[in-house]
Every structure is written in structure tokens, then in C-alpha cells.
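Start counting the sequence shown at 1; every next residue gets the next number (UniProt numbering).
The next block holds one structure in the form of C-alpha cells; read it before the comments.
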Amino acid sequence: MLKKIGSWVLDILVILIVVYLITTFVGQRTSVIGDSMRPTLQNGNQVIIDKISYRITDPQRFDIIVFPYRMNPNQLYIKRIIGMPGDTIYIEDGLIYINDEPLEEDFGLEEIINPGVASEPITIGQEEYFVIGDNRNNSSDSRFMDVGHISKEDIIGRAWLTIWPLEDFGFLRDNN
């Protein structure tokens, strides 16, 4: 009997260690709060974050990333990368310009009303990214000082798969 209990305790311990390693280094589930990524992600969606990719490769333009909000590190933000290291970005007449060329994408819902700090050209630093929500006029993102540019070291991972609700189940499209 004691041997059987010891075996169960060992099994439970192994399972807990495996779960810890997976959620720390491989993937993590998180909930979408708010409408800033509509129509790609909806309020209440559950997504899996790929935490391995960026240990091997660099983030790419249009990747959907997860990072802690600067003003409350316990709150996670989900946004789309539009500006890469070295890019110069500005928003004029509701359109995003990258290195003086209009950004060609079909993620944004509408023209941008408030360009925030991007009303003037901004050059993104090395190992930094400019992020924005797909629901441009309902998003707190790199246009505003409380979010700002996202450093590579602050990126938790890439939003990879929507798992809930089941009708939204699927891999996230992250490039045009």
C-alpha cells in the first residue's frame, strides 16, 4: 500500500514538473480581453501562445504577439507587429506609413483617427517593435506612451492558435 502511494506521488510530481516546463518554456494559454484585435480575435477568445519561436527566430511584421502591459505587468496585451527594428513609422490621413511607403495590409478595420505619437515620424530602435491592434480606433498600442515600443525581451511569445470558443478554433493568420 505504501509503495502504491509513493508511486502515485511520484507520478503526480512528474506531471506537475512537465506541466511547469511546458507552460514556462513551450506554450501558454491566455484570454483575449477587449475588442482591440477584432475581427482577428474576439473578446473572450482563448489562445495558445508559442513561447519557443522567438528563441530561434526574430519576430516578423504582422506577427500577433503577447507582452506585458508596461503599467501593469500582470496584464497581458495582444497586438500585431507592424514596425520592425530600424523602420520609420508615421500615420497621416488615417494611413500607416513605413519608411515613407503606405503599409499594405488588410488587418485594420478602419482609417486611424488618432495617430498618437506617430503623427510625427518615429524610428524604431534595435530589438524594438511597433505594435497596433487590428481594431485601430479601439486599441491601446504603440501609438500611446503607456504602451510604446515593445522590446524583444518583453515579448512573451506569438499568439498561435485560437482554442475557444470552438467555432473560432484555428491557427492565427499572421502575414498578408
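Ideal Cβ positions, reconstructed from N, Cα and C, are used throughout, including at glycine.
Considering only C-alpha positions, which residue in the set the options is nearest to residue i?
i	options	result
ARG158	HIS149, PHE169, ARG80 and ILE132	ARG80
TYR90	ASN114, ARG61 and LEU161	ASN114
MET71	PRO165, PHE144 and PHE171	PHE144
ASN137	ARG38, ILE112 and ASP146	ILE112
ASN45	ILE56, LYS51, ARG55 and THR30	THR30
GLU92	GLY86, PRO102, GLY83 and ILE15	PRO102
GLY34	SER139, GLU167 and LEU172	SER139
TYR77	ILE12, LEU10, VAL47 and LYS4	VAL47
In the DSSP assignment, find the unbroken beta strand (DSSP E) run with residue i in it and report its ends.
i	result
ARG158	157-164
ILE56	ILE56 -> not in any beta strand (DSSP E); alpha helix (DSSP H) instead, spanning 53-56.
ILE98	95-98
GLU128	128-132
THR40	Run containing THR40: none; DSSP gives neither H nor E here.
ILE89	88-92
Based on DSSP bridge pairs, tell me the residues matched to residue i.
i	result
LYS79	ILE65
GLN46	SER31 and TRP164
GLU153	Answer is none; GLU153 lacks a bridge partner.
GLY170	THR162
ILE122	ILE89
GLU101	ILE98
Assuming residue i and residue j form a contact by the criterion Cβ under 8 angstroms, report the distance between their Cβ atoms to the nearest whole angstrom.
i	j	result
ILE163	ILE65	No, ILE163 and ILE65 are not in contact; Cβ-Cβ is about 18 angstroms, not under 8 angstroms.
GLN28	ILE49	5 angstroms
GLN42	ASP168	7 angstroms
Tell me which same chain residues have a C-beta within less than 6 angstroms of the C-beta of residue i, skipping the five on either side of it?
i	result
THR40	ASP134
THR88	ASN99, PRO121 and THR123
SER53	ARG158
GLN75	TYR69
ARG38	ASN135
residue 219	Absent from the structure is residue 219, since the part of the chain shown begins at 1 and ends at 176.
Skipping 5 residues on each side, what residues in its chain have a beta carbon closer than 8 angstroms to that of residue i?
i	result
TRP8	none
ASP58	LYS152
GLY170	LEU161 and THR162
LEU95	PRO102, LEU103, GLU111 and ILE112
Excluding sequence positions up to five away, which residues of its chain have a Cβ less than 7 angstroms from the Cβ of residue i?
i	result
HIS149	ILE124, GLY125, GLU128, TYR129, PHE130 and SER142
GLY116	ARG143 and PHE144
GLY108	ASP134 and ARG136
MET84	ARG61, ILE124 and TYR129
I'd like to know if residue i contacts chain C, where contact means its C-beta is closer than 7 angstroms to some C-beta of that chain.
i	result
ARG70	In the structure shown, chain C cannot be found, because there is only a single protein chain.
If I follow the unbroken alpha helix (DSSP H) through residue i, where does it start and stop?
i	result
SER139	Element bounds for SER139: n/a, residue is neither H nor E.
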